[in-house]
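The sequence shown begins at 0 in numbering that gives the first Met the number 0 and counts up by one. First the structure, in the form of structure tokens, and then the observations on it.
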Amino acid sequence: MRVGVEVGGTFTDLVAIEDGKLRIAKVPSTPGSPDVGALDAIGAAGIEYDLISDLVHGSTVATNAVLERKGAKVCFFVTRGTRDLLLLQRHDKASIYDLHYRKPEPVAARRDTFEVDERIDASGNVVRAFDEGATTALVEEALAGGEYDAVAICFLNGYINPAHEEAVAEIVRRAAPNLSVTCSNEVTREFREYERASTTTLAAYVQPVIEGYLRRFVDALKRRGFAGRFSVMQSNGGRMPAEAMARNAIAALFSGPAAGVIGALRQVAASGVRDIITLDMGGTSTDVSLIADGVPDLASMTKIDGLPVKTPVIDIVTVGAGGGSIGWIDDGGLLRVGPQSAGADPGPACYGRGGELPTVTDAHLIRGSVRAGSFLGGKMRVDSEASRGVFEPLAAQIGMSLEALADSVIQLAEANIVRAIQQVSTERGRDPRGYAIVPFGGAGPLHAARVAEELGVTRVVVPPHAGVLSAAGLLMSDYIHYRVRTRKLRLGADAENEVRAILSALEDEVSAYLLSLGIEGEPVFDRALEMRYVGQAFEVTVPLGERDAQNVKADRLAALFGEAHHRIFEFSKPPEDPVEIVSFRVGVKVPPSAVPALGEDPTMADDTGTEIEMLDRGASLSCRVLPRAAVPDTPIAGPLLIEDGTSTIYAPPSWVTVTDAYGNIVMNREEV
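Printed below as a string of structure tokens:
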């Protein structure tokens, strides 16, 4: 049996496959102890632990540790003269009109930052060797109080020559053998000292948290008889064995959203859909990502709580628009939705756990787009009267009926999602109208068609079991490992051999690392270059396909860069303008032994549906309700609500719906 368990902000989802048969479970998350929710899901599915051969896990433990500032107490060693590196940051403002704007707070305070008298230049040459005796005394004095849980080390130019970082790490291990130690060269071998320092301290900050979490989880699994392979999802869309993740916790920051992207890609690819925008709307937030020609965009850097993380990650934009997002009135008297969320505890008012604020889920119950008796396939009882009760004060304040207010809350949540999709499409130089939206998560399929209309998208593809697709994506993910190196090279014929040599060396590194973890299989390499015009401050990622990886001629690389630059910025310079490579990125992918498919039961249900009244965009609609198994392979017109046990799918008027041969529900918008 193969099992995927994904811990979300509101629900913990499980998908298990045994001999082609599917088991699904969805239980409330336990934010204080996420592993308890995961074990609850396994119990709810009735799975015997000794039958599990492959368990893949995704969670928000690392993310929450940063957002809630509940990570380790970090001692930070830097090059003399750079003690204020984390405080200076970049000279920009995330909110330029906010008079009270403050830069994000680093996870290592200035009083916990200590300077080591050393210096290596940008070519890797030692300018000032550190004194081992003086450094040992500094380390011992810094750690004498026993107040730290982890140590981070980031020296100027440590990415090009890590000798001093490694020497200080050894001193730390001798002085405090029980402390977790993180060097910048182990986390990212790229230049830009602030981003590298931020990534290093964040890695140290979450390392003891993830180590402790995985240790507790593994011990609990073993006590219950589990003896299979345990893997954890990474932010880059691939899994790694748990023992490797315990040494590289920073890679787990966005594991849950990444699993959903992979699940969506693999499931709809069978139907020939390769250009998609994923829309993962759960209880707390919505995550969107763009996949062009079957390949997810991979960003070289992301941010969490305003702090940069320099590691390859699937390009995902997150907005506070989930089922638990709260409706409220701002100081100007305008209705707003999110980013605050009721989360899993207490959750929306309809859950009956003490929620007292109006949420998007409550709004759906009020306007009729979710039926109380069919929530989670009827397995979870919800109280629509409680939803009405928490909306009444807001309706009185704003002077609207309950139904109209609920409809407005849903429209605002959809507007937030539209803006997120524009960030991964039009702001990246891609027209969303050429893509299909693939919604999943408990709430994604409810909103996808209306979001598509706002973007001019005419096709929505909903995978089977969309409400638990992130858990299924865990089982569909490859083993993946990336290595990145900064090496500035001006493009020209004399640099071609060095480009080949660096790419080849990185391929050997990533392959050897997977083999050291016992992962064997046919490797597939993913290569990219970070390039820019000479004189530019920042780079553009230029992916290299298999053909381009074999052809690293300067003119070919320059042409690829020009195309990528033009797509983003709408211009490119003449061919004679000098171009340079800044960093090299190589990843290796090894697929699991089997990739599951999530087909539906081909037996058609006899249910011909019922009619309900619902409000949508201010109009009262008579809407047909069908179970998913009753949706035929011939088109039927909306308005239509389709219930599949883990989510509800809404096809508005002017949309036609059909089930394809792979169990995907395909909705197409007719010309209006």
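Using N, Cα and C, we set each Cβ at its ideal position, and we do this for glycine too.
For residue 115 and residue 167, which I take to be in contact (beta-carbon distance under 8 Å), what is that distance rounded to the nearest angstrom? Indeed they touch by this definition, with Cβ atoms about 6 Å apart.
Q) Under the three-state reduction of DSSP, which class applies to residue 708: helix, strand or coil? A) Residue 708 lies beyond the range of the chain shown here (0 to 671); nothing can be said about it.
Self-check item: Which of helix, strand or coil DSSP assigns to residue 415
Solution: In the structure shown, residue 415 sits in a helix (DSSP, three-state: H, G or I).
Q. When you compare each of 488, 255, 298, 553 to residue 12 by their alpha carbons, which one comes out closest?
A. Selected option, being the one with the closest Cα: 255.
Worksheet entry | For residue 184, three-class secondary structure by DSSP | Helix.
Measuring CB to CB, does residue 436 end up less than 8 Å from residue 447? Taking C-beta atoms as the reference points, residue 436 and residue 447 count as a pair closer than 8 Å.
- Task: Go to residue 447, then tell me how far its alpha helix (DSSP H) extends in each direction, as first and last residue.
- Result: Here the alpha helix (DSSP H) through residue 447 covers 443-454.
_Rounded straight-line distance, which links the Cα of residue 262 to that of residue 669_ = Cα-Cα distance, rounded: 28 Å.
Exercise. Determine the DSSP secondary structure at residue 197, reduced to helix, strand or coil.
Key: It is helical.
* Tell me which same chain residues have a C-beta within less than 6 Å of the C-beta of residue 57, skipping the five on either side of it? -> The residues are 5, 232, 254, 255, 258, 473.
- Message: Measuring alpha carbon to alpha carbon, tell me which residue in 389, 471, 372 is nearest residue 2.
- Response: Of the candidates 389, 471, 372, the residue whose Cα lies closest to the Cα of residue 2 is 471.
| request: Check each candidate in 432, 495, 69 and name the one with the smallest Cα separation from residue 452. | output: Comparing Cα positions, the closest option is 432.
Could you compute how far the alpha carbon of residue 218 sits from the alpha carbon of residue 354?
Distance between residue 218 and residue 354, taken at the CA atoms: about 34 Å.
Task: Spatial distance of residue 386 from residue 441 (CA atoms) - done: Roughly 18 Å separates the two Cα atoms.
| task | Determine the direct distance from the alpha carbon of residue 225 to that of residue 621, and round the result to whole angstroms. | result | Between the C-alpha atoms of residue 621 and residue 225 there is a straight-line separation of about 50 Å.
- Does the segment 56-76 come within contact of the segment 141-154, defined as at least 3 CB pairs closer than 8 Å? Yes, they touch.
Continuous alpha helix (DSSP H) stretch holding residue 658: start and end:
Under the DSSP assignment, residue 658 falls outside any alpha helix (DSSP H), being part of the beta strand (DSSP E) whose first and last residues are 654-658.
key: At least three beta-carbon pairs within less than 8 Å, the segment 497-512 to the segment 611-631   = With fewer than three CB-CB distances shorter than 8 Å, the segment 497-512 does not count as touching the segment 611-631.
Taking its Cβ as the centre, do 16 or more other Cβ atoms sit within 10 Å of residue 19, making it buried, or is it exposed?
Residue environment: residue 19 is assigned as exposed (fewer than 16 neighbouring CB atoms within 10 Å of its CB, all protein chains considered).
Report task. Verify whether the separation of the beta carbon atoms of residue 588 and residue 477 is less than 8 Å. Result -> Taking C-beta atoms as the reference points, residue 588 and residue 477 count as a pair closer than 8 Å.
Checklist entry - If we ignore side chains and look at the alpha-carbon of each, how far apart do residue 101 and residue 80 end up? => result Spanning the two alpha carbons is a distance of roughly 23 Å.
Let me know if residue 604 comes out buried or exposed under the rule of 16 or more other beta-carbons within 10 Å of its beta-carbon. Bear in mind that a pLDDT of 45 at residue 604, under 50, signals an unreliable position, so the number given afterwards is only what the model happens to contain. Counting Cβ neighbours within 10 Å, residue 604 comes out exposed, since fewer than 16 surround it.
Margin query: Going by DSSP in three states, residue 410 sits in which element: helix, strand or coil?
Written below: Residue 410: helix per DSSP, three-state reduction.
Notebook entry, point to check: Taking the alpha-carbon positions, what's the residue 411 to residue 326 distance?
Noted result: When rounded, the distance between both Cα atoms is 9 Å.
Reference residue 493; option with closest CA among 52, 485, 554, 460 = Considering only alpha carbons, the answer is 554.
Open item on the list: Extract the residue ranges of the alpha helix (DSSP H) inside the segment 275-346, only unbroken runs of 4 or more that lie entirely within it.
Closed with: As far as the segment 275-346 is concerned, it has no whole alpha helix (DSSP H) run of at least 4 residues.
Give me the Cα-Cα distance between residue 47 and residue 245, rounded to the nearest whole angstrom.
For residue 47 and residue 245, the gap between their C-alpha atoms comes out near 26 Å.
Subject >> N-terminal and C-terminal residue of the beta strand (DSSP E) that residue 525 is part of >> reply: Under the DSSP assignment, residue 525 falls in the beta strand (DSSP E) whose first and last residues are 523-532.
What are the start and end residues of the beta strand (DSSP E) that includes residue 613?
Residue 613: member of the beta strand (DSSP E) spanning 609-615, first to last residue.
| query | Is the segment 14-29 touching the segment 39-55, taking contact as three or more C-beta pairs under 8 Å? | reply | Yes, since at least three Cβ pairs between the segment 14-29 and the segment 39-55 fall closer than 8 Å, the two stretches touch.
Exercise. Could you check what DSSP says for residue 13 in three-state terms: helix, strand or coil?
Key: It is a strand residue.
Identify, in the order they occur along the chain, each residue of the same chain with its Cβ nearer than 6 Å to the Cβ of residue 533, setting aside the five sequence neighbours on each side. Excluding residues within five positions, the ones whose Cβ falls inside 6 Å are 577, 579.
Let's see if you can read the secondary structure: which residues bound the beta strand (DSSP E) around residue 23? If you look at residue 23, you'll find it in the beta strand (DSSP E) that goes 20-27.
**Asked** residue 76: buried (16+ other C-beta within 10 angstroms of its C-beta) or exposed?
**Response** Under this definition residue 76 is a buried residue.
query = So which of 475, 417, 408, 509 has the shortest CA-CA distance to residue 456?
reply = Residue 417 is the option with its Cα nearest to residue 456.
Taking only runs that begin and end inside the segment 90-116, name each unbroken beta strand (DSSP E) of 3 or more residues, in chain order. Entirely contained in the segment 90-116, the beta strand (DSSP E) runs reaching 3 residues are, in chain order, 112-115.
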